[in-house]
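Here my numbering is used: the first residue of the sequence shown is 1, the next is one more, and so on. For each residue, glycine too, the CB sits at the ideal point set by N, CA and C.
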Amino acid sequence: MPLEIPSSVAFGMSFVHPVLMWVLLALSGYGLYLGIKAKKLRTATTAEERKPLIQGQFAQRHLKIGKTILAVMVLGTLGGMAVTYLNNGKLFVGPHLLVGLGMTTLVAIAASLTTAMQKGNLVARKVHVGLNMTVLTLFLWQAFTGLQIVQKILQPQA
Ligand code: HEM
Ligand code: HEM
1 MPLEIPSSVA FGMSFVHPVL MWVLLALSGY GLYLGIKAKK LRTATTAEER
51 KPLIQGQFAQ RHLKIGKTIL AVMVLGTLGG MAVTYLNNGK LFVGPHLLVG
101 LGMTTLVAIA ASLTTAMQKG NLVARKVHVG LNMTVLTLFL WQAFTGLQIV
151 QKILQPQA
């Protein structure tokens, strides 16, 4: 039995998650940019190559954005599940739910590797990048299935 909340409120809440997740997609793209810049500095050899990159503080900014991405993805996923449950009295065990939970798991594991990466662990660094590239790829698919769900919600109920 779905929780009793006014249907207009429930309808409105359905759009918070999609908008938030599109913002998160943009943020993740920016995170990728900062990560690539951080790598450029790490691997730069000449002083004139390093100087502008040091000033950009890319690794610090990447970490800050990364922490935000982690928090928003966990809250956004749980929020999406909460709204789905409130609207339908159940969850739909389909691609959007499973890929969403998978992405959140992968990004959490990637974030847990940061201490090892900062100590120079090469395996942790490679796994971090691999996991997050997978997350970004899945994100595109998730945006697509998400829009299909939005379309379904906007269709008049028979
Ligand atoms: C969209 C998600 C993310 C992408 C695409 C991404 C990508 C990258 C890339 C390409 C690097 C550079 C690797 C290298 O130097 O070879 C990096 C480094 C790093 N990332 Fe991420 N990352 C993401 C999310 C996160 C998150 C969630 C955290 C932590 C909460 C994080 C923390 C770090 C740290 C600490 C480094 C090392 C920076 C340094 O060189 O000091 N990243 N990431
Ligand atoms: C990028 C654009 C996205 C759009 C447009 C979108 C859209 C939606 C919509 C409309 C719902 C149904 C809400 C309701 O029933 O009122 C939903 C549910 C959900 N979303 Fe998203 N979403 C997006 C991205 C994501 C991402 C990135 C994740 C996780 C990383 C995620 C995880 C979930 C989960 C777990 C549910 C509950 C699914 C269920 O039980 O059926 N979504 N999403």
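Practice prompt. Could you tell me which of L27, L53, T45 sits nearest to A38, measuring between CA atoms?
Written response: Translated into the one-based positions of the sequence shown, residue 38 becomes position 38. Selected option, being the one with the closest Cα: L53.
Fill in: Which of helix, strand or coil DSSP assigns to S7
The residue you call residue 7 lines up with position 7 of the sequence shown. Correct three-state label for S7: helix.
Discussion item. Under 8 Å: do the stretch 22-40 and the stretch 63-79 share three or more Cβ pairs, one atom per stretch?
Written reply: A contact exists between the stretch 22-40 and the stretch 63-79.
Worksheet item: How about the stretch 126-145 and the stretch 109-117: do they share at least three Cβ pairs that are nearer than 8 Å?
Response: Three or more pairs of CB atoms, one per stretch, sit closer than 8 Å, so the stretch 126-145 contacts the stretch 109-117.
Discussion item. For M103 and Q155, I'd like the C-alpha separation in whole angstroms.
Written reply: Translated into positions along the sequence shown, residue 103 becomes position 103. Translated into positions along the sequence shown, residue 155 becomes position 155. Spanning the two alpha carbons is a distance of roughly 28 Å.
Fill in: Candidates G35, L147, M81: closest to P93 by CA position
Taking the sequence shown and counting its residues from 1, the one referred to as residue 93 is at position 93. Sequence inspection shows Val at residue 93; the Pro mentioned does not correspond to that position. Nearest of G35, L147, M81 to V93, Cα basis: M81.
Worksheet entry | Contact test: S14 Cβ vs ligand 2 heavy atom, cutoff 8 Å | Within the sequence shown, the letter at position 14 stands for residue 14. At least one heavy atom of ligand 2 lies less than 8 Å from the C-beta of S14.
Discussion item. Between the alpha carbons of S7 and A26, how many angstroms are there, rounded?
Written reply: To locate residue 7, count along the sequence shown from 1; it is residue 7. To locate residue 26, count along the sequence shown from 1; it is residue 26. If I take the Cα positions, the gap works out to 30 Å.
Discussion item. For the pair the stretch 70-77 and the stretch 41-48, tell me if three or more CB-CB distances fall below 8 Å.
Written reply: Contact annotation: the stretch 70-77 does not touch the stretch 41-48, with fewer than three C-beta pairs closer than 8 Å.
Practice prompt. Note down the Cα distance separating H96 from H17, rounded to an integer number of angstroms.
Written response: Numbered from its first residue, the sequence shown carries residue 96 at position 96. Numbered from its first residue, the sequence shown carries residue 17 at position 17. About 13 Å.
Worksheet item: How far does the alpha helix (DSSP H) with K39 in it reach, from first residue to last?
Response: Here residue 39 refers to the residue found at position 39 of the sequence shown. Looking at the DSSP string, the run of the alpha helix (DSSP H) that includes K39 is 16-43.
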